[in-house]
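There are 2 protein chains.
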Amino acid sequence: MSEAAPSELIKWWGWGAPGKRLKLGPEAGAMLSERLGEAEPTQPAAFEEVSMPAARPLPELLARGIGSANVATSHEDRLPCAGGKGYPDLVRMRQGRLDAAPDAVVTPGSADEVNRILQACAATGVAVVPFGGGTSVVGGVDPYAGSHRAAIALDLRRLRHCEVDPISLTARLGPGLRGPEAEAALAEHDLTLGHFPQSFEYATVGGFAATRSAGQASAGYGRFDELVTAVEMLTPAGPLATLATPHTAAGPSLRELIIGSEGVLGVITDVTVRVRRAPSQRRYEGWISSEFEAGAETVRALAQADALPDVTRLSDDEETRVSLALSGVSGAKQALLGSYLKLRRRSGGCMLIVGWEGDAEEVERRRGISSRILRSTGAVKLGGAPGRAWNRGRFEGPYLRDELMNMGYFVETLETSHTWSRYQELYGAVRRALDGAMTAQGAPGIVMCHLSHAYRDGASLYFTFISRSRRGAEIEQWRAIKRAACEMIVATGGTITHHHAVGRDHAPFMRDEVGAVGLEALRALKDQLDPTAIMNPGKLLPG
Amino acid sequence: MSEAAPSELIKWWGWGAPGKRLKLGPEAGAMLSERLGEAEPTQPAAFEEVSMPAARPLPELLARGIGSANVATSHEDRLPCAGGKGYPDLVRMRQGRLDAAPDAVVTPGSADEVNRILQACAATGVAVVPFGGGTSVVGGVDPYAGSHRAAIALDLRRLRHCEVDPISLTARLGPGLRGPEAEAALAEHDLTLGHFPQSFEYATVGGFAATRSAGQASAGYGRFDELVTAVEMLTPAGPLATLATPHTAAGPSLRELIIGSEGVLGVITDVTVRVRRAPSQRRYEGWISSEFEAGAETVRALAQADALPDVTRLSDDEETRVSLALSGVSGAKQALLGSYLKLRRRSGGCMLIVGWEGDAEEVERRRGISSRILRSTGAVKLGGAPGRAWNRGRFEGPYLRDELMNMGYFVETLETSHTWSRYQELYGAVRRALDGAMTAQGAPGIVMCHLSHAYRDGASLYFTFISRSRRGAEIEQWRAIKRAACEMIVATGGTITHHHAVGRDHAPFMRDEVGAVGLEALRALKDQLDPTAIMNPGKLLPG
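Top line first, the protein sequences correspond to chains A and B.
Using the numbering used here, you'd call the opening residue of the first sequence number 53 and step up by one each time.
Using the numbering used here, you'd call the opening residue of the second sequence number 53 and step up by one each time.
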């Protein structure tokens, strides 16, 4: 496992290894132009021309504890840690004008070094932004100093241990392990974490825990917060560690306080997770439902019968249609799908990807149970091809976003959840809000949605929305559309985030989410654990 | 549903309806005498002769908000709320000498009235002990005023609403609903909560949430904390309510802060839970494992194959033997069991009760999968009779304790959990600690244990221990034995409680459980939500 710097791993202005690109076909481009109007292509600025504030001097104390080799202050080091991968982050990066950047990237090699850095920063008034994969899409790693003299990005890439307990099927993982690194380390023991969010290729274990990440197979393996059995965090007030027992009834859950704390209370240095035997078989299929509401009823039936496939992803009509067009499925293949559906007296409809993982017998048994429910609720089987296509493209969303931005489009996602009884109400309300807000911003758009995390009592809603970008007013456009959607979510009783976390973007809505007393409770915790407020300023809690 | 006062529902000095008694047969008595030595029977004091501190006067403010009819100060009202149902509570009750009692029992009829009471108490310096079923076995409802002028028991028996969302399969429940009341209300909709702890007959929904209760079918339905989707709590600082969505990634979990808070932060006034269709079939069976270690390996195999029966309860050799003797299984029947086991080349061994609940097809399918694993790991099937016997007696533990105390025995339970890799180590260590401590207290005893909550990564350990009581020094004897066990649990890395909660008894071990920084975090939370520290003094947090 390499300790490559972020700039070697991932494009500083987008997603994926430098050089790797997802090209859209001419048909996709034509479809977008037809739906959204002609857009003006853009290109990212040159790396060396990106302007950002000069590095402020750091107290000498800081380097003393860990060696100056691990305190980097060059343009090349600072730039890739100057933001996450949200739309506004990428806009700023591509335009080459950053209003903030970390004054140094500090790379501790042990929990002890993390502690020394935190103590030095607390003593000298330097803000600390914990930095894992840097994949936040909600401004979670934006390098703000708050009221402090400087801010460092605390890059955790050197903390990558993996200790397996093969009897208890748990693993103690370092926060800096990226998704593929954690899986590779576990694969040596024939184990898997089974946590595959869209950000899998770059996001880290520490980030999964700090943001309550949910993977695409959450129904089977559990969300990341459900996988964590114990966690250790270093706070400016000292170490916080929970017992590695399967459960405790000893009071309010400190584990559940640390999970989701997004770096504002301290730095997660150790995460113990439940792991599983690596599945010998993964079987993904496509089914189709006549409408999103009917598809959601199918998923509800699966969930309430404890028969959810490990992967369960229902796209609405628009996402089904647009995804097919964008994925480069040829006109001929689309026509073939059309005939297939016609045979089954369906036209259009909503794609439902389902998948089971495990040993062959287990997969077949569970597939049989799910399939009966799928059929009895009106879903029609398309077969393995759409499932395999989904699996090939399961991590491609952010590559696609880069291309859309290159083409001159605004593209953003947001996610929420609600109970089944209010699910369609929330779906409709957010769609209308996004439609209205994009139009109000001068460019009518496409709103797509899918359900990808289902529970007995409800499910998530994940919206993707695209329109022409307002050249020169990209951030204002984004902010207006985002605000309209969030206000509608709050008004309808949904949660402001199902698995992207709060970061900077959702912080203004935390009062609606947890109430005034809840907010004061979180602030009291922050004051106790981080009394000089050096940890990740501006995130999670509203200013 | 009646609003019966505690004294009408349950013996003030023990368990069960006044008049209901579990009689032990002569063989059981003989076995105990043989094992533990002859004990001197005791009887509870007469109700009217129990001495307790006179009721301190309460500020007039208190009654003003809710009507004086709901503020009771008679001996009859105060006595049943003067403690929970732990061994030391019962010793004090039976001896008729209480060193503390609530100065009044206050019975609000709405959340609004709860709020008025809290505000009045905070303004006038009166401690509030939330009182549900009063079934705490860890001193969780002991009526201490702390540094305040008086203490009230806040009896929640009038808060018993039940609103079902049949689409989302959730129910919003009042905290005062006792287990059977909640089940009866849900049964009208053909639903069940499926939460059946041993205290089911008397414990309440608010108590389940406040203490992280775990039911006997936790593997199937989930622990209570896993069933809760949203919760509302009134704190002296104001209301705290979490969103009723299936999941949120918006920061640290406030729901998980309220759950397990044991009344020290506020009063839980509403609990929304996931419910299920009532099962049409419940099938319980007995199996036998050669040893506790082999049986635990069987349970581990079931858990790690996702094949845990809904009820999974493994007794060690001693519990198997003693339970058979105490349950009044006749010598003839025991001999029959002996022959049966001999036929299968077993003698003695560890009883494993397994049970499946659901519709007939589901039960058979899951039973088939579990049974293959049971057999392949060496367990031997005894059939339905032991399962049915367990089901008949599943709530009898506390009745049996009353009888043992009548006979002059010390009897106590405690529970912990650990990962599978350290499970046997913890089992052996706690057994030795209990054995040694009972002997050091002058009366060698019986130590029994069972596993009743299993997870992929580990399981709970539930110890029951009996010896002759030290007449006149019952509390000292209890304290010494309890301390020895808790110190051993802490030294071995187990949790101080898996599902009984912390209360007063475990509070001294909270520093070991959550660490110094964890304790300060909990204290900061308490200071924020309960600034005058009126809520349940002396519980959860060490003094």
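Each residue gets a CB set at the ideal place from its N, CA and C atoms; glycine is no exception.
Cut-off 7 Å between Cβ atoms - residues of its own chain near residue i, not counting five sequence neighbours on either side
i                 : result
Ile311 of chain B : Ala261, Arg264, Asp277, Val280, Val283
Gly198 of chain B : Ala179, Ala585, Pro589, Gly590
Tyr507 of chain B : Ala355
Arg144 of chain B : Gly135, Leu150
Val325 of chain A : Thr222, Ala223, Leu225, Leu245, Leu279, Val280, Thr281
Contacts around residue i, its chain only, beta-carbon distance under 8 Å, and the 5 residues preceding and following it disregarded
i                 : result
Glu101 of chain A : Gly148
Ser375 of chain A : Ser367, Met403, Met500
Ser85 of chain B  : Ala91
Lys534 of chain B : Glu464, Leu466, Asp557
Any non-hydrogen atom of the ligand ATP closer than 7 Å to residue i Cβ
i                 : result
Ala377 of chain A : Annotation note on the ligand ATP: not contained in the displayed structure, which lists no ligands.
Which of helix, strand or coil DSSP assigns to residue i
i                 : result
Arg230 of chain A : strand
Tyr479 of chain B : helix
Pro182 of chain A : strand
Trp472 of chain A : helix
Met104 of chain B : coil
Gln333 of chain A : strand
Ala553 of chain B : coil
Thr372 of chain A : helix
Gly258 of chain B : helix
Ala282 of chain A : strand
Glu215 of chain A : strand
Cutoff 6 Å; reference residue i; Cβ partners in own chain excluding five residues on either side
i                 : result
Val319 of chain A : Val166, Pro182, Leu286
Ala156 of chain B : Leu110, Val123, Thr125, Ile204
Pro140 of chain B : Ile527, Trp530
Ala511 of chain A : Leu503
Asp557 of chain B : Val190, Gly191
Ala293 of chain B : Glu284
Cβ of residue i within 8 Å of any chain A Cβ
i                 : result
Gly192 of chain B : no
Asp322 of chain B : no
Leu170 of chain B : no
Pro288 of chain B : no
Ala97 of chain B  : no
Ile548 of chain B : yes
Ala543 of chain B : no
Leu292 of chain B : yes
Leu309 of chain B : yes
Beta-bridge partners of residue i, as assigned by DSSP
i                 : result
Phe462 of chain A : A:Ser519
Ser367 of chain B : B:His502
His244 of chain A : For clarity, residue 244 of chain A is Thr in the given sequence; the question names His instead. Thr244 of chain A pairs with A:Arg328.
Tyr514 of chain B : B:Glu467, B:His502
Lys433 of chain A : A:Trp339
Arg149 of chain B : B:Ser103
Short CB-CB distance (under 8 Å) between residue i and chain B
i                 : result
Asp557 of chain A : no
Leu221 of chain A : yes
Met490 of chain A : no
Pro154 of chain A : no
Trp472 of chain A : yes
Gln356 of chain A : yes
Thr300 of chain A : yes
Pro304 of chain A : yes
Tyr479 of chain A : no
Evaluate contact between the segment 100-115 of chain B and the segment 488-495 of chain B, counting only Cβ atoms and requiring at least three cross-stretch pairs below 8 Å. In this structure the segment 100-115 of chain B does not lie against the segment 488-495 of chain B, because fewer than three pairs of beta carbons, one per stretch, are closer than 8 Å.
Are the segment 300-307 of chain A and the segment 536-552 of chain B touching by the rule of at least three beta carbon pairs closer than 8 Å? Counting Cβ pairs under 8 Å, three or more are found: they touch.
Three or more beta-carbon pairs under 8 Å between the segment 419-439 of chain B and the segment 333-352 of chain B, yes or no? With the cut-off at 8 Å, the segment 419-439 of chain B and the segment 333-352 of chain B touch.
Pair every Cβ in the segment 561-581 of chain A with every Cβ in the segment 166-180 of chain A, then say whether three or more of these pairs are closer than 8 Å. The segment 561-581 of chain A, when compared against the segment 166-180 of chain A, does not touch it at the 8 Å Cβ threshold.
Is the segment 199-218 of chain A close to the segment 448-468 of chain B, with three or more CB pairs under 8 Å? Verdict: no, contact absent.
Quick test of the definition: if touching needs 3 or more C-beta pairs under 8 Å, does the segment 331-345 of chain A touch the segment 411-418 of chain A? Because the criterion of three Cβ pairs below 8 Å is met, the segment 331-345 of chain A and the segment 411-418 of chain A touch.
Quick one: any contact between the segment 66-73 of chain A and the segment 447-464 of chain A, if contact means 3 or more CB pairs under 8 Å? Judged by Cβ distances under 8 Å, the segment 66-73 of chain A makes contact with the segment 447-464 of chain A, as three or more pairs qualify.
Below 8 Å, can you find three or more Cβ-Cβ pairs linking the segment 434-446 of chain B to the segment 232-239 of chain B? No, because fewer than three Cβ pairs between the segment 434-446 of chain B and the segment 232-239 of chain B fall closer than 8 Å, the two stretches do not touch.
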